[in-house]
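According to this note's numbering, the stretch in the sequence shown is residues 25 to 457, in order.
All C-beta atoms, glycine included, are put in the ideal place defined by N, C-alpha and C.
Below: one structure, written as structure tokens.
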Amino acid sequence: MGERLFFSRESLRDQQLDLLCGLIEKVKNDNPFWRQRLRAAGVDETIESLDAFAARLPLLTKADLAVDQEAHPPYGTNLSTSINHYVRVHQTSSTTGNPLRWLDTEDNWDWLVAGWHTLLGVAGVDDGDCLFFAFSFGPFIGFWMAWDAALDMACRCISGGAMNTATRVRAIIANEVKVLLCTPTYAIRLGESAREQGVDLSLAKVRLIIVAGEPGGSVPAVRSRIEQLWPTARVFDHHGMTEVGPVTFECPRRPCVLHVDEGRYLCEIIDPATGEPLPAEDGATGELVITTLGREDSPVLRYRTGDIVQCETGGACACGRHTMRLIGGIIGRVDDMVVVRGTNLYPSALDALLGPFTEVVEYRAEIGQRAGMTELTLTIEPAAEVADSAALCRRVEQAIRDAWNLRVPVRAAGAGELPRFELKARRWVRLGQ
25 MGERLFFSRE SLRDQQLDLL CGLIEKVKND NPFWRQRLRA AGVDETIESL
75 DAFAARLPLL TKADLAVDQE AHPPYGTNLS TSINHYVRVH QTSSTTGNPL
125 RWLDTEDNWD WLVAGWHTLL GVAGVDDGDC LFFAFSFGPF IGFWMAWDAA
175 LDMACRCISG GAMNTATRVR AIIANEVKVL LCTPTYAIRL GESAREQGVD
225 LSLAKVRLII VAGEPGGSVP AVRSRIEQLW PTARVFDHHG MTEVGPVTFE
275 CPRRPCVLHV DEGRYLCEII DPATGEPLPA EDGATGELVI TTLGREDSPV
325 LRYRTGDIVQ CETGGACACG RHTMRLIGGI IGRVDDMVVV RGTNLYPSAL
375 DALLGPFTEV VEYRAEIGQR AGMTELTLTI EPAAEVADSA ALCRRVEQAI
425 RDAWNLRVPV RAAGAGELPR FELKARRWVR LGQ
């Protein structure tokens, strides 16, 4: 279940091609979504090379998957076996419209959990460690796989799902937790809450903080802030997605560098503006595209993640691995994503949410920091005919809560108070910049 090490890029690429051919053979026969896409692309025989695969099969987008699920509710047609064989249902955070629902069979789930076994091993988690999961354990896939992997390792696992921040701090101390799993932002919030409560974290047993959900784990200033607040711990970064699983893990020798688990994922770098492939060479920067090589009952092939990365592939890493490295982790988003309390928010998503509110003629979103956490506040300008602007604000607040499970304060501006735009609108404002 552990990591497979490769002694050259060539041996790695050979295995990826074998896995890819097996995946295509299965889905072109058993998966309605991929059968149609592969036939349309003329992929009806064995792929002779990874380059040929990239040249022939069109890129997949989240919108493609959303359209399929809307046309074939509730789960779409990206299913390679009977619905009765699926045992897990998760969903994305619904920041670009309705959430994507994602199903996994037991075999799929085992494949995903095995990726977390690799991650936990590289991070230095030991059998019997006490782990605290500062995670809601809702339908978002989050740390669910990490929980199962840790249980497999006979770790002692504590769910913080129903606790508030102060209670979580006390539980971490009382249970002598060794490993904390949360977002980078929340690691800071927990540390600051400990200070507010008079808890001395230099006496804590936490030696490792595994972070995910936002880029901060590979941002030096954020890592430094976390490790100042948690002086006994080191930060370990990783990233993944509901649609693909745990893709990367931090290099054990080079902080702020993520290794792609290329024994499980075939990755490409493309120009986000044109979709054209960029050479996989040291320093190439572009959008990460992923093919899941083992999640064959609900796979994605050439999936546009929207993540901007800087790629390194030449030679062996300082740790000895030949897999692709992402320098600085995920360094940005194609469409200027904002992360609020672990939830990915896009300007286009707020546009879509406010669209049905015809009474709202303009808005302004402000992103700032409060108590170590990113916060979003929203100002709306009601139409002149709106008699009760406070009621309108409450309705918008509820819509945001329903869509993203976030409490976002909404206030009403006076008529003409918010700016208008002739060219590209700048409704999202980062305070202090």
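How many whole angstroms separate the CB atoms of residue i and residue j, which I take to be in contact at a CB cut-off of 8 Å?
| i | j | result |
| --- | --- | --- |
| GLY184 | ALA218 | About 14 Å; that fails the 8 Å criterion. |
| ARG319 | ASN132 | 5 Å |
| VAL149 | VAL230 | At roughly 12 Å, the Cβ-Cβ gap does not stay under 8 Å, so VAL149 and VAL230 are not in contact. |
| PRO163 | HIS114 | 6 Å |
| ARG258 | LEU232 | 6 Å |
| LEU36 | THR272 | Their Cβ separation, rounded to whole angstroms, is 15 Å, which puts LEU36 and THR272 out of contact at 8 Å. |
| GLU216 | ALA395 | 6 Å |
| GLU441 | LEU416 | Contact doesn't hold; Cβ gap of about 15 Å is too wide. |
| THR298 | GLN334 | Contact doesn't hold; Cβ gap of about 18 Å is too wide. |
Using the Cα positions of residue i and residue j, report the straight-line distance between them to the nearest angstrom.
| i | j | result |
| --- | --- | --- |
| PHE31 | ILE351 | 21 Å |
| GLY356 | GLU238 | 10 Å |
| VAL193 | LEU214 | 6 Å |
| VAL453 | ARG388 | 8 Å |
| ALA439 | ILE404 | 10 Å |
| ARG365 | SER117 | 12 Å |
| ALA245 | VAL111 | 40 Å |
| ARG328 | GLU336 | 19 Å |
| ARG59 | ASP42 | 19 Å |
| ALA87 | TYR99 | 14 Å |
| ALA468 | ASP176 | Here the chain covers residues 25 to 457 and nothing more, so residue 468 does not appear. |
| PHE260 | ASP172 | 19 Å |
| GLU69 | LEU282 | 34 Å |
| GLU300 | LEU62 | 19 Å |
| PRO443 | GLY330 | 29 Å |
| ALA76 | CYS45 | 12 Å |
| THR119 | GLY166 | At THR119 the pLDDT is 44, less than 50, meaning the model places this residue with poor confidence and gives no usable figure here. |
| CYS206 | SER104 | 33 Å |
| ALA408 | LEU377 | 21 Å |
| SER413 | ILE391 | 23 Å |
| PRO303 | ARG349 | 14 Å |
| ARG431 | ASP375 | 17 Å |
| THR398 | CYS280 | 21 Å |
| VAL324 | GLU421 | 34 Å |
| ARG288 | THR316 | 6 Å |
| SER160 | GLY139 | 21 Å |
| LYS50 | ARG418 | 50 Å |
| GLU446 | GLY379 | Bear in mind that the predicted position of GLU446 carries a pLDDT of just 39, short of 50, making it unreliable; the figure below should be weighed with that in mind. If I take the Cα positions, the gap works out to 19 Å. |
| GLU38 | ILE48 | Note on identity: in this sequence residue 38 is Asp, with Glu being the wrong assignment. Distance between the alpha carbons of ASP38 and ILE48 is about 16 Å. |
Select from the options the residue whose C-alpha is nearest the C-alpha of residue i.
| i | options | result |
| --- | --- | --- |
| ARG33 | VAL434, TRP428, ARG345 | ARG345 |
| VAL201 | GLN60, ALA427, ILE233, CYS154 | CYS154 |
| ALA79 | THR142, ILE71, THR85 | ILE71 |
| GLN393 | ALA257, THR209, VAL434 | THR209 |
| VAL358 | MET348, PRO433, ALA415, LEU369 | LEU369 |
| CYS341 | ASP331, PRO303, CYS275 | CYS275 |
| LEU136 | VAL113, ALA308, MET169 | MET169 |
| THR266 | LEU430, LEU83, ARG125 | ARG125 |
| ALA436 | ARG277, PRO406, PHE57 | PRO406 |
| PHE381 | ILE250, ILE424, PHE273, ALA195 | ILE424 |
| ARG174 | VAL91, ARG278, ALA147 | Correcting the residue type first, residue 174 is Ala in the shown sequence and not Arg. Residue ALA147 is the option with its Cα nearest to ALA174. |
| SER106 | PRO123, GLU130, ASN122, LEU83 | GLU130 |
| GLU11 | SER242, LEU83, PRO123, LEU455 | In the structure as shown, the chain begins at 25 and stops at 457. Residue 11 is therefore absent and cannot be evaluated. |
| VAL91 | SER73, LEU74, PRO123 | PRO123 |
| ARG180 | LEU227, PHE156, ASN188 | PHE156 |
When you compare the CB positions of residue i and residue j, do they come within less than 8 Å of one another, or not?
| i | j | result |
| --- | --- | --- |
| ALA190 | GLN221 | yes |
| SER322 | ASP54 | no |
| GLY338 | GLU386 | no |
| ILE495 | LEU253 | Only positions 25 to 457 of the chain appear in this structure, which leaves residue 495 out of reach. |
| LEU290 | GLN93 | no |
| ILE332 | PRO296 | yes |
| LEU89 | ALA65 | no |
| VAL235 | ILE197 | no |
| ASP151 | ALA178 | yes |
| LEU402 | VAL434 | yes |
| GLY56 | THR85 | One point to set straight first is that residue 56 is Pro, not Gly, in the sequence displayed. Result no, Cβ atoms of PRO56 and THR85 do not sit closer than 8 Å. |
| THR142 | GLU286 | no |
| HIS262 | PRO270 | yes |
| VAL268 | GLU292 | no |
Is there a Cβ of chain C sitting closer than 8 Å to that of residue i, yes or no?
| i | result |
| --- | --- |
| CYS280 | Protein chain content of the structure displayed is limited to a single chain, and chain C is not contained in it. |
Curious, which full-length beta strand (DSSP E) runs of at least 3 residues does the stretch 193-267 contain?
Complete beta strand (DSSP E) runs here, min 3: 203-206, 232-235, 258-265.
At what residue ranges does the stretch 274-299 contain a whole run of the beta strand (DSSP E), taking only runs of 3 or more?
The stretch 274-299 contains these whole beta strand (DSSP E) runs: 281-284, 289-294.
Which ranges would you report for the alpha helix (DSSP H) in the stretch 42-78 if only whole runs of at least 4 residues count?
With a minimum length of 4 residues, the unbroken runs of alpha helix (DSSP H) contained wholly in the stretch 42-78 fall at 56-64.
Whole beta strand (DSSP E) elements within the stretch 417-448, 3-residue minimum
Counting whole runs of 3 or more residues, the stretch 417-448 contains the beta strand (DSSP E) stretches 434-436.
In the stretch 101-180, which residue ranges form an unbroken beta strand (DSSP E) of at least 3 residues, counting only runs that do not cross its ends?
The stretch 101-180 is shown to contain whole beta strand (DSSP E) runs of 3 or more residues at 110-115, 125-129, 154-157, in chain order.
Pick out the complete beta strand (DSSP E) segments inside the stretch 304-346, 3 residues or longer, and give them in chain order.
Those beta strand (DSSP E) runs which fall completely within the stretch 304-346 and span 3+ residues are 308-316, 327-336.
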